[in-house]
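Trainee: Please read through the structure below; I'll follow up with questions.
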Amino acid sequence: MTAPELDWDDTADWQNATRGLLGRLDPCIIRDASGRVVWDNERWSFLETDCPVTANPSLWRQGRLNAVDGLFEVVSGVYQVRGFDVSNMTLVEGETGVIVVDPLVSEECAAAGLALYRRHRGGRPVTGVVYTHSHTDHFGGVGGVVDQADVAGRRVPVIAPAGFMEHAVSENVFAGPAMLARARYMFGRGLPAGPADMIGFGLGQGTSAGRVGLIAPTESVTRTGQELEIDGVRMIFQLTPGTEAPSEMNFLLPEQRVLLVAENANHTLHNVLTLRGAEVRDARAWAGYLTETIQLFADRADVLAGSHHWPTWGRAELVRFLSEQRDAYAYLHDQTVRLMNRGLTGPEIAEELQEFPASLAKAWHARGYYGSLSHNSKAVYQRYMGWFDGNPAHLWQHPPVEAARRYVDFMDGADAVVEKARKSFDDGDLRWVAEVLNHVLFAEPDHTEARELQAETFERLGHSAENGTWRNFYLSGARELRQPTEERRNIAGDFNTGVVPALSTEQLFQSWAVRLDGPAAAAHRLMLRWDFADRAETWTLLLANGVLTPLRGDAIGGEQPDAVLQLDRSVFDRVLSGRTNFPDAIDAGEVVIEGHQQALWTLLGLLEQPARSFPIALP
Numbered sequence: 000m001t002a003p004e005l006d007w008d009d010t011a012d013w014q015n016a017t018r019g020l021l022g023r024l025d026p027c028i029i030r031d032a033s034g035r036v037v038w039d040n041e042r043w044s045f046l047e048t049d050c051p052v053t054a055n056p057s058l059w060r061q062g063r064l065n066a067v068d069g070l071f072e073v074v075s076g077v078y079q080v081r082g083f084d085v086s087n088m089t090l091v092e093g094e095t096g097v098i099v100v101d102p103l104v105s106e107e108c109a110a111a112g113l114a115l116y117r118r119h120r121g122g123r124p125v126t127g128v129v130y131t132h133s134h135t136d137h138f139g140g141v142g143g144v145v146d147q148a149d150v151a152g153r154r155v156p157v158i159a160p161a162g163f164m165e166h167a168v169s170e171n172v173f174a175g176p177a178m179l180a181r182a183r184y185m186f187g188r189g190l191p192a193g194p195a196d197m198i199g200f201g202l203g204q205g206t207s208a209g210r211v212g213l214i215a216p217t218e219s220v221t222r223t224g225q226e227l228e229i230d231g232v233r234m235i236f237q238l239t240p241g242t243e244a245p246s247e248m249n250f251l252l253p254e255q256r257v258l259l260v261a262e263n264a265n266h267t268l269h270n271v272l273t274l275r276g277a278e279v280r281d282a283r284a285w286a287g288y289l290t291e292t293i294q295l296f297a298d299r300a301d302v303l304a305g306s307h308h309w310p311t312w313g314r315a316e317l318v319r320f321l322s323e324q325r326d327a328y329a330y331l332h333d334q335t336v337r338l339m340n341r342g343l344t345g346p347e348i349a350e351e352l353q354e355f356p357a358s359l360a361k362a363w364h365a366r367g368y369y370g371s372l373s374h375n376s377k378a379v380y381q382r383y384m385g386w387f388d389g390n391p392a393h394l395w396q397h398p399p400v401e402a403a404r405r406y407v408d409f410m411d412g413a414d415a416v417v418e419k420a421r422k423s424f425d426d427g428d429l430r431w432v433a434e435v436l437n438h439v440l441f442a443e444p445d446h447t448e449a450r451e452l453q454a455e456t457f458e459r460l461g462h463s464a465e466n467g468t469w470r471n472f473y474l475s476g477a478r479e480l481r482q483p484t485e486e487r488r489n490i491a492g493d494f495n496t497g498v499v500p501a502l503s504t505e506q507l508f509q510s511w512a513v514r515l516d517g518p519a520a521a522a523h524r525l526m527l528r529w530d531f532a533d534r535a536e537t538w539t540l541l542l543a544n545g546v547l548t549p550l551r552g553d554a555i556g557g558e559q560p561d562a563v564l565q566l567d568r569s570v571f572d573r574v575l576s577g578r579t580n581f582p583d584a585i586d587a588g589e590v591v592i593e594g595h596q597q598a599l600w601t602l603l604g605l606l607e608q609p610a611r612s613f614p615i616a617l618p
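Written out as structure tokens, the structure is:
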């Protein structure tokens, strides 16, 4: 439901979202080299109409603001491309070229944004790239604005916060497949755009579907107060690790008096734990860093711009914005801990903290379009207390399917539960309907009446949600329940292969370690030595006790490997990117194996292919 205290006559956000427009791509549709559409911002045109009953008016308003696209002047010399992806690409003009900050998700969108900039500002070369943090929507399109050779040749610096590569890998490679599957629900990727379906998710309208890559940084920001100069542009940095991303930073452009706050302050409450999955973020540290941002930079900035949404102009306005964002994260942290120490569990705390105090609740930018007070408070509880709420009854519960069968049996069978659920549905107790029908569907997935009633329940919950990610989860769940059985299956996938060349060899081998079928591998002991000639690098992979351990150099203790592989790292990259395979590379002489070749096939056969799609609303 929409809070009654919201000021619907306040047009400041609309004025700021459209201020400084220099031009747009008309229509705002971006294609890859084959002609496939990777981004279509025109699909949100329906948001120009009045909000229907199938959407929350506050979320509808947010989607309309997010759908504004084009090239915008922030101040002279600083520009933003917005509406070309989920994130913004900021362009800062230097003495000889332009510095690109956060080059979107995919190369095609970043290239289109740069082309629009050049159409209006001239053909300046890219003289630097800055990644503000370690999420894909802020580095994935880098190949569309700069060439790897220019970076490798030290002609174009790439700047990122300390720990960037480690965390970009951990989120996008190690846990990437599971996160990707849940992200399909979170971002509504299977939903059509429309008043009853996908209307955005608060942080943005959608994510592009082009080529994603990664060029490793050439320089790291390691401390707050560090200054760099790129192409004559001074930047003063503030490290903010453990906030919206494990590796993140804000920075000030002192000459332009522009403060870039990455994703630490947005026109929505953000996630302390995103519904797609991630490390739980530190809401207390997040609030503390925003206090530090105000203290460091507020008296030196006239404009605040972020990696999402629209800028804020005016010193008083940006201080108020940062202060209210700070107080939102501090409130949800402090009040969760207070109630936790009173003995409440995560779900009980979420029920207790229904709303921010009125002074915060009326701030449009503190509304829960992307994060929510409900699931963020559960995340704070999880950060401190973990999955276990202390109740012994919850220490060793049956897994969902086995528990569901027992619940349904106790409740006199599936048909009886569905009949009672329909009465609760008519009474408007949708949360209870969703819970009890979930037991029916995990016990009897093909119960037609339960599936349809649960789908209707999810639709009603989704249509009333102010939080865009909740809406998408509910509506994606309804869609899954109505899919034919043969379409509801696991689909094999992998991590994003576009990032492979940027990863260290150790990180690539670690990605194999988390795919190893431990129980099956426990019957084997193998050792394979890998000599990468083009990098003068040697690694040994030890398979023992169901664990795959990468060792730099030769094996400890002089144990002889079962096989020695000689190859270039570039060949290994092509194999892992799916552009060739080991048998073909061996036949072509690109991989030479000495010893027992079967050791390689045994190891590869023990690596499980991760799923990129799996049922969520059903077992």
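In numbering that gives the first Met the number 0, the protein residues as written are 0 to 618.
The beta-carbon is built from N, C-alpha and C at its ideal position, and this holds for glycine as well.
The model shown is predicted, which means the values in this text are computed figures rather than measured ones.
From Ala420, Leu359, Ile158, Asp31, pick the residue whose C-alpha is nearest to that of Glu218; which is it?
Mentor: Start at 1 with the first residue of the sequence shown, and residue 218 comes out as number 219. Of Ala420, Leu359, Ile158, Asp31, the residue nearest in Cα terms is Ile158.
Trainee: Quick check: is any heavy atom of the ligand SAM less than 6 Å from the C-beta of Ala365?
Mentor: For the ligand SAM, the structure offers nothing, since it holds no ligand at all.
Trainee: Going by alpha carbons, who is nearest to Ala570 out of Ala554, Gln559, Glu589?
Mentor: Translated into positions along the sequence shown, residue 570 becomes position 571. Reading off the sequence shown, one finds Val at residue 570, where the question assumed Ala. The option with the nearest alpha carbon to Val570 is Glu589.
Trainee: Measure the Cβ-Cβ separation of Arg382 and Val279 and say whether it is below 7 Å.
Mentor: One-based indexing of the sequence shown puts residue 382 at position 383. One-based indexing of the sequence shown puts residue 279 at position 280. Contact: yes.
Trainee: Work out the CA separation of Ala519 and Asp561 for me, nearest whole Å.
Mentor: To locate residue 561, count along the sequence shown from 1; it is residue 562. To locate residue 519, count along the sequence shown from 1; it is residue 520. Cα-Cα distance, rounded: 19 Å.
Trainee: Can you give the Cα-Cα distance for Pro156 and Leu21, rounded to whole angstroms?
Mentor: By 1-based counting over the sequence shown, the position of residue 156 is 157. By 1-based counting over the sequence shown, the position of residue 21 is 22. Straight-line Cα distance between these residues: approximately 28 Å.
Trainee: For the 8 Å Cβ check, are there 3 or more pairs between the segment 97-112 and the segment 319-335?
Mentor: No: the two stretches stay apart, fewer than three of their Cβ pairs being nearer than 8 Å.
Trainee: Label Asp516 either buried or exposed according to how many other C-beta atoms from any shown protein chain fall within 10 Å of its C-beta, with 16 as the threshold for buried.
Mentor: Indexing the sequence shown from 1 puts residue 516 at position 517. Its Cβ having fewer than 16 others within 10 Å, Asp516 is exposed.
Trainee: Tell me the DSSP bridge mates of Asp39?
Mentor: Working through the sequence shown from its first residue, we reach residue 39 at position 40. Answer is Ile28.
Trainee: Within 10 angstroms of its Cβ, does Thr447 collect 16 or more other Cβ (buried), or is it exposed?
Mentor: Numbered from its first residue, the sequence shown carries residue 447 at position 448. Exposed: under 16 other Cβ atoms inside 10 Å.
Trainee: Using alpha carbons as the reference points, say which of Ala208, Thr206, Ala300 lies closest to Met234.
Mentor: The sequence position of residue 234 within the sequence shown is 235, counting from 1. Per the Cα distances, Ala300.
Trainee: Quick test of your reading: Val563 and Gly594, contact by CB under 8 Å. State the CB separation rounded to the nearest angstrom.
Mentor: In the sequence shown, residue 563 corresponds to position 564, counting from 1. In the sequence shown, residue 594 corresponds to position 595, counting from 1. 6 Å between Cβ atoms; contact.
Trainee: Using DSSP bridges, identify the partner residues of Ile98.
Mentor: For this step, residue 98 is matched to residue 99 along the sequence shown. Partner(s): Val91, Gly127.
Trainee: What's the C-alpha gap between Ala357 and Leu372?
Mentor: Here residue 357 refers to the residue found at position 358 when the sequence shown is read from its first residue. Here residue 372 refers to the residue found at position 373 when the sequence shown is read from its first residue. Rounded to whole angstroms, Ala357 to Leu372 spans 14 Å at the Cα level.
Trainee: Skipping 5 residues on each side, what residues in its chain have a beta carbon closer than 6 Å to that of Met0?
Mentor: Position 1 of the sequence shown holds residue 0. With a pLDDT of 48 at Met0, under the threshold of 50, the modelled position of this residue cannot be trusted, and the question is left open.
Trainee: So Met185 and Phe472 are in contact, right, with Cβ under 8 Å, and what is the actual spacing, rounded?
Mentor: In the sequence shown, the residue the question calls residue 185 occupies position 186. In the sequence shown, the residue the question calls residue 472 occupies position 473. About 6 Å separates the two Cβ atoms, so the contact holds.
Trainee: What three-state label does DSSP hand Asn249 in the structure shown?
Mentor: The residue given as residue 249 occupies position 250 in the sequence shown. In the structure shown, Asn249 sits in a strand (DSSP, three-state: E or B).
Trainee: For the beta strand (DSSP E) containing Glu323, list its first residue and its last residue.
Mentor: Along the sequence shown, one-based indexing puts residue 323 at 324. Here Glu323 belongs to no beta strand (DSSP E); instead the alpha helix (DSSP H) covers 314-339.
Trainee: Check each candidate in Ile293, Ala360, Pro240, Ala195 and name the one with the smallest Cα separation from Thr267.
Mentor: Translated into the one-based positions of the sequence shown, residue 267 becomes position 268. Comparing Cα positions, the closest option is Ala360.
Trainee: Tell me the DSSP secondary structure of Ala491 in three-state form.
Mentor: Position 492 of the sequence shown, counting from 1, holds the residue named residue 491. Because Ala491 carries a pLDDT of 48, less than 50, the predicted location of this residue cannot be relied on, and the following value inherits that uncertainty. Looking at Ala491 - three-state DSSP - the assignment turns out to be strand.
Trainee: If you reduce the DSSP assignment to three classes, tell me which class Gln546 lands in.
Mentor: Residue mapping note: residue 546 aligns to position 547 of the sequence shown, counting from 1. According to the sequence provided, residue 546 is Val. The question's Gln does not apply to it. Three-state DSSP puts Val546 in a strand.
Trainee: Using a Cβ-Cβ cut-off of 6 Å (strictly less than) and excluding sequence neighbours within five positions of Ala449, which residues of its own chain qualify?
Mentor: Taking the first residue of the sequence shown as position 1, residue 449 is located at position 450. The residues are Val417, Leu436, Val439, Leu440.
Trainee: Quick one: grab the DSSP three-state call for Ile615.
Mentor: Walking along the sequence shown from the start, residue 615 turns up at place 616. Residue state, collapsed to three classes: coil.
Trainee: Hey, how far is the Cα of Gly412 from the Cα of Arg528?
Mentor: Sequence index remark: in the sequence shown, residue 412 carries index 413 (1-based). Sequence index remark: in the sequence shown, residue 528 carries index 529 (1-based). Gly412 and Arg528: Cα-Cα distance of roughly 58 Å.
Trainee: Using the C-alpha atoms, what's the distance from Ala327 back to Arg341?
Mentor: Numbered from its first residue, the sequence shown carries residue 341 at position 342. Numbered from its first residue, the sequence shown carries residue 327 at position 328. Roughly 21 Å between the two C-alpha positions.
Trainee: Have a look at Val85, Glu607, Pro124, Phe173 and flag the residue whose alpha-carbon is nearest the alpha-carbon of Arg188.
Mentor: Here residue 188 refers to the residue found at position 189 when the sequence shown is read from its first residue. Arg188 has its Cα closest to that of Val85, out of Val85, Glu607, Pro124, Phe173.
Trainee: Hey, how far is the Cα of Ser44 from the Cα of Leu113?
Mentor: The residue given as residue 44 occupies position 45 in the sequence shown. The residue given as residue 113 occupies position 114 in the sequence shown. Ser44 and Leu113: Cα-Cα distance of roughly 24 Å.
Trainee: What do you reckon, are the CB atoms on Leu70 and His119 nearer than 7 Å?
Mentor: In the sequence shown, residue 70 corresponds to position 71, counting from 1. In the sequence shown, residue 119 corresponds to position 120, counting from 1. Yes, the Cβ-Cβ distance between Leu70 and His119 is below 7 Å.
Trainee: For Arg459, does the three-state DSSP call read helix, strand or coil?
Mentor: Within the sequence shown, the letter at position 460 stands for residue 459. In the structure shown, Arg459 sits in a helix (DSSP, three-state: H, G or I).
Trainee: Mind the definition here: the segment 342-351 touches the segment 289-304 only if three or more C-beta pairs lie below 8 Å; say whether that holds.
Mentor: Short answer: they don't touch.
Trainee: Quick one: which unbroken alpha helix (DSSP H) runs of 4-plus residues sit fully inside the segment 539-601? Chain order, please.
Mentor: Here the runs fully enclosed are 568-575, 581-586.
Trainee: Helix, strand or coil: which one does DSSP assign to Asp49?
Mentor: As a position in the sequence shown, residue 49 is number 50, starting the count at 1. Note: Asp49 maps to coil in three-state DSSP.
Trainee: Output the distance between the C-alpha atoms of Gly203 and Val498, rounded to the nearest integer angstrom.
Mentor: Along the sequence shown, one-based indexing puts residue 203 at 204. Along the sequence shown, one-based indexing puts residue 498 at 499. When rounded, the distance between both Cα atoms is 23 Å.
Trainee: If we count the other Cβ atoms within 10 Å of its Cβ and call it buried at 16 or more, is Ala415 buried or exposed?
Mentor: Your numbering for residue 415 matches position 416 in the sequence shown. Exposed, because fewer than 16 other Cβ atoms sit within 10 Å of the Cβ of Ala415.
Trainee: Do you know how far the Cα of Glu443 is from the Cα of Met410?
Mentor: Position 411 of the sequence shown, counted from the first residue, corresponds to residue 410. Position 444 of the sequence shown, counted from the first residue, corresponds to residue 443. Met410 and Glu443: Cα-Cα distance of roughly 14 Å.
Trainee: Find the nearest neighbour of Val80 within the set Asp49, Asn40, Val150, Cys50, judged by alpha-carbon distance.
Mentor: If you number the sequence shown from 1, residue 80 lands on position 81. If we check each option's Cα against that of Val80, Asn40 comes out closest.
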